[in-house]
Structure formats: structure tokens, C-alpha cells
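Below you'll find the structure, written out as C-alpha cells, and then a few comments.
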Amino acid sequence: MAPVKITGAIAAALSMAVISYLICNCRSKLKKTRTSNFTREPKNGLVGAIGNTPLIRINSLSEATGCEILGKAEFLNPGGSVKDRVAVQIIEEALKSGELAPGGIVTEGSAGSTAISLATVAPAYGCNCHVVIPDDVAIEKSQIIEALGATVERVRPVSITHRDHYVNIARRRAAEANELASKLRKADQTDAKVLNDINGFIFSVEKNPIFSSDCNGGYFADQFENLANFRAHYEGTGPEIWEQTGGNMHAFVAAAGTGGTVAGISRFLQVSLLSFVSLLSSCLELSNLSILIVHFLQQEKNPSIKSFLIDPPGSGLFNKVTRGVMYTREEAEGKRLKNPFDTITEGIGINRLTQNFLMAKLDGAFQGTDIEAVEMSRFLLKNDGLFLGSSSAMNCVGAVRVAQLLGPGHTIVTILCDSGMRHLSKFYNAEYLSQHGLTPSASGLEFLGLG
Ligand SMILES: Cc1ncc(COP(=O)(O)O)c(C=O)c1O
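All residue numbers for the sequence shown refer to full-length UniProt numbering, where the first residue is 1 and numbers rise by one.
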């Protein structure tokens, strides 16, 4: 029996040593990450300056609700929005997989922020950027994208099922860039100057308005379906929020456009044994494994964090979350003749389920109105000096709704996606608002039933 006992003791000691090593190793790693967030050391280029944004206590809303309402100040990213993280993740993953070649062109169909972030970040990776944008989006967004050196196509908003929906055009442009690159390679060999018809578009090396003669292929960023978007938040924004609150938070709320933000953060905050095990299986390195173990242990300290969606007018997600049905048959994208959205908020609201949104773990949803978002933006400007874009204002409406649901004493986190500077021609334009019957008139938060 003695040898068995000794073997058992050795095995137990060895297991303890391995567990202690993992925990110590990972504590020191987390400490290093934490330290690097708050030192004044130079950041490694533009990309190094993305993320680790401050979490701001929104004093006015906290005092009005009796909750701690915290906003993650994503508008402070170098490209001005939460989408910087997504742009980095998409480009890095595509370069790593070889789907994007150095010097290649990243194409995207975007209502603005993601395009601005891709255009900001692409040069840091030696890549170019081509953006297809609906022509009803605030003009300053396409002006910024062009100023950043990307090419822009403004197109009529049509249904996603239409061949010429901006997302479908962007996908096509990447395929065209790939065909062009391959023809250019062949032309190099045959010295041919004029290239053939590609997908119905006539390209010539001299005349092609979109792709340059040194085009090295294209990659469709596909922020709606590309899960790199989700991972940017699951691996970045979620852990930062966890760290900045010390895990002492009760709820998270945000609106969804692609769904990447709400999915990545909600999924991270409620890591379960099941998702931990599935993550573990995709984790090969010991160092990563140790970080995951500590994440898991930390999650177990507060497994009751609730995540909510705030949905703008015209979007079907509220119905999906609360009733399990996205829309009536008439409302489905592709059934309507016109752009299905009926909101002045930009970048949020959708009538289809994206791969990114499907990753979300939500406990409930609220509907916000345009006038609530407008009133909230003016209230925050007046009381807190926060000059925020329309989706951020809607997120803050969501934070108040969650505070009203949970009652005083809770800590609620939301996302401040971008700044008001991107919204001067519509959301902050008195004439535009008056034409749409959205002139703000509240003196406090009475539009949400407070004060
Ligand atoms: C300004 C702004 N806020 C919020 C969102 C929504 O974020 P997500 O796409 O992660 O759902 C977007 C998306 O494009 C956006 O542009």
C-alpha cells in the first residue's frame, strides 16, 4: 500500500504545483496587462493606442437613478470609435490566415464608423481600404474616410437581398480586386495592358477608378458576419470592463448594429463552464490556458451579471429577444421596397440575425425612441459635458431603463461608441431635427419618467 500512497501523494503535490504555477503565472500576466494600461509608457504605434479606454462614471445619470452608471469611453480610440478594435482584429486575423495579402485592399460596406476605423488602421498594416456607404449617412463620415486615404462609393440604400445593397457591393469589390490582382500578375507575364471584363465591370490598368495598378488583391471585412468582430469585444472590451469594475457590476446594456459589441461583452461577462470548456479546447498555449483559468475563476465570483439590448425604432431585435420572433413577414428585410429603418440613430438597429448577434447572451431588451436619444444627448452635454453620438445617447437611454428595472444600488455599464462630432449634419442639426419633429425640449430626464 505504501507505494500507492506515495504515488498518490506525489500526484497530488504535482497537481498542486501545476495549479499554483498556472495561477501565479497568470496573475503576473494579468498584473502586467493591468500595469501597462495605466503607465505613461509610449504605445506601440497607432494600433498600440487602441483599446484600454477609460470607464467614466456618468454623474448626472448616476445621481438621478441612484445607480452607478458607467460609460466605456470608446470615442477616445484613435479612430474615434469602438470600431477601431474591430478593424484591428479583422485585419490581423485576415493577414494571419493569408486571406489578405500585405498591400491588399480591405473592402467594407459600412454606415460609417467601421469604415473610418478600417481606413485609419489599414495603413499601419501596409494595406488600403475601399468603402461602400449608404448615401443617407451623415456626409461628414464619407468626407473623413476619403481624407484618410480610402476610396468611397456612396450608393442608394436598398434591401440586403438586393444585389446593390452596400454590403453586397463591398463583397463584390473584394472579389473584383482579387481577380484584378490575378490578371495583373498574368499581365505582368504577358505584358498585356488592357484587362478583360470582370463581373460585368470593365477594368483597365489605367482607367479603373477604384483599384490601383499595383493592387495586391482584396479582402471583404464583412463586419456583420465575420466573428473577428465578436472576438474583438470578447477578448478586449469585455475583459477591460471586468477589470475596471473589479467584477463589481450588475448589468451591461447596449444597442446592436452588427451585434459584435453586445455579443462579445455579454458573452464574456457570463462565461459559463460550458463556454469555458469550448474555449479551452481551442486553446493550445499553456500561457493562454492559465489566463483562461483565472478568467473562469473570476467569473464565478459574480455569475449574475445581466445583459440587455436597447433597440432603436425600426429594428426587429427587440421582438427577437423578448418574443423570439424577429418580424412579421412584411417587415423582413428584402420584403420592403425601401430602407427598412425608421430612426435617426446611426449604426444601430437591424432586421436580420447576424452571426455576431447570434453569439449574444441577453437577459432582456428595451425599445428606445429617437426623441429619447436626442433628449439624452442634450442632457448629457449640458450636465456632464459629454458630447456623444446618437448610438451612445441611445445606450444611455438603455442604462436608465436598466436602472429603473433593477432599482437603486446597482452598477450598470454601457458603451459610449463615438463622439457627437461625427453627427453634426443630422443628430446635432436643429433644422434637421425640427423637420423630423425631434426638437429637444426637456429640462431634465422627464422624458424617461425621472425627476
Ligand atoms: C456609431 C456606432 N455605434 C454603435 C454601433 C453598433 O455596434 P455593433 O456593430 O458592435 O453592434 C455601430 C456599428 O456600426 C456604430 O457605427
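Backbone N, C-alpha and C define an ideal beta-carbon position, used for all residues, glycine too.
Backbone CA spacing between residue i and residue j [nearest angstrom]
{"i": "A147", "j": "A124", "result": "16 Å"}
{"i": "H162", "j": "S392", "result": "30 Å"}
{"i": "N258", "j": "A175", "result": "Per the sequence presented here, residue 258 reads as Thr, with Asn not at that position. The alpha-carbon atoms of T258 and A175 are separated by roughly 22 Å."}
{"i": "T53", "j": "R185", "result": "43 Å"}
{"i": "T114", "j": "A221", "result": "10 Å"}
{"i": "W242", "j": "I69", "result": "15 Å"}
{"i": "T411", "j": "Q223", "result": "30 Å"}
{"i": "P440", "j": "I160", "result": "33 Å"}
{"i": "A232", "j": "L433", "result": "34 Å"}
{"i": "R443", "j": "K382", "result": "Looking at the sequence shown, residue 443 is not Arg but Ser. Roughly 10 Å separates the two Cα atoms."}
{"i": "T107", "j": "L100", "result": "11 Å"}
{"i": "L95", "j": "T65", "result": "46 Å"}
{"i": "F252", "j": "A181", "result": "45 Å"}
{"i": "F75", "j": "D84", "result": "10 Å"}
{"i": "F201", "j": "R156", "result": "For F201, the predicted structure reports a pLDDT of 44, less than 50, and the residue's modelled location is therefore unreliable. A value from the coordinates is still provided. So the two alpha carbons sit approximately 19 Å from each other."}
{"i": "G238", "j": "S62", "result": "21 Å"}
Exposure label - residue i; buried when at least 16 CB within 10 Å
{"i": "I139", "result": "exposed"}
{"i": "T151", "result": "buried"}
{"i": "Q143", "result": "exposed"}
{"i": "Q435", "result": "exposed"}
{"i": "R27", "result": "At R27 the pLDDT is 40, less than 50, meaning the model places this residue with poor confidence; the figure from the coordinates comes in the next sentence. Exposed."}
{"i": "L362", "result": "buried"}
{"i": "N356", "result": "buried"}
{"i": "E225", "result": "exposed"}
{"i": "V86", "result": "buried"}
{"i": "N351", "result": "buried"}
{"i": "E375", "result": "buried"}
Cβ pair residue i, residue j closer than 9 Å
{"i": "G368", "j": "P313", "result": "yes"}
{"i": "V121", "j": "L46", "result": "yes"}
{"i": "K43", "j": "L55", "result": "no"}
{"i": "I371", "j": "F427", "result": "no"}
{"i": "C67", "j": "I105", "result": "no"}
{"i": "A365", "j": "S390", "result": "no"}
{"i": "K183", "j": "R422", "result": "no"}
{"i": "Y166", "j": "G80", "result": "no"}
{"i": "residue 452", "j": "C396", "result": "Lying before the first or after the last residue shown, residue 452 is absent from the chain, which here runs from 1 to 451."}
{"i": "G51", "j": "E240", "result": "yes"}
{"i": "S213", "j": "Q270", "result": "no"}
{"i": "M359", "j": "A254", "result": "no"}
{"i": "L309", "j": "F379", "result": "no"}
{"i": "V82", "j": "I305", "result": "no"}
{"i": "G349", "j": "A256", "result": "yes"}
CB contact below 9 Å: residue i versus chain C
{"i": "I58", "result": "The structure shown contains no chain C; it is built from a single protein chain."}
8 Å contact criterion, which residue i and residue j should meet: CB distance rounded
{"i": "N178", "j": "G126", "result": "Actually they are not in contact, since the Cβ atoms of N178 and G126 sit about 18 Å apart, beyond 8 Å."}
{"i": "Q404", "j": "A228", "result": "Not really, about 35 Å apart at Cβ, beyond 8 Å."}
{"i": "I116", "j": "I145", "result": "6 Å"}
Any non-hydrogen atom of ligand 2 closer than 8 Å to residue i Cβ
{"i": "G79", "result": "For ligand 2, the structure offers nothing, since it holds only ligand 1."}
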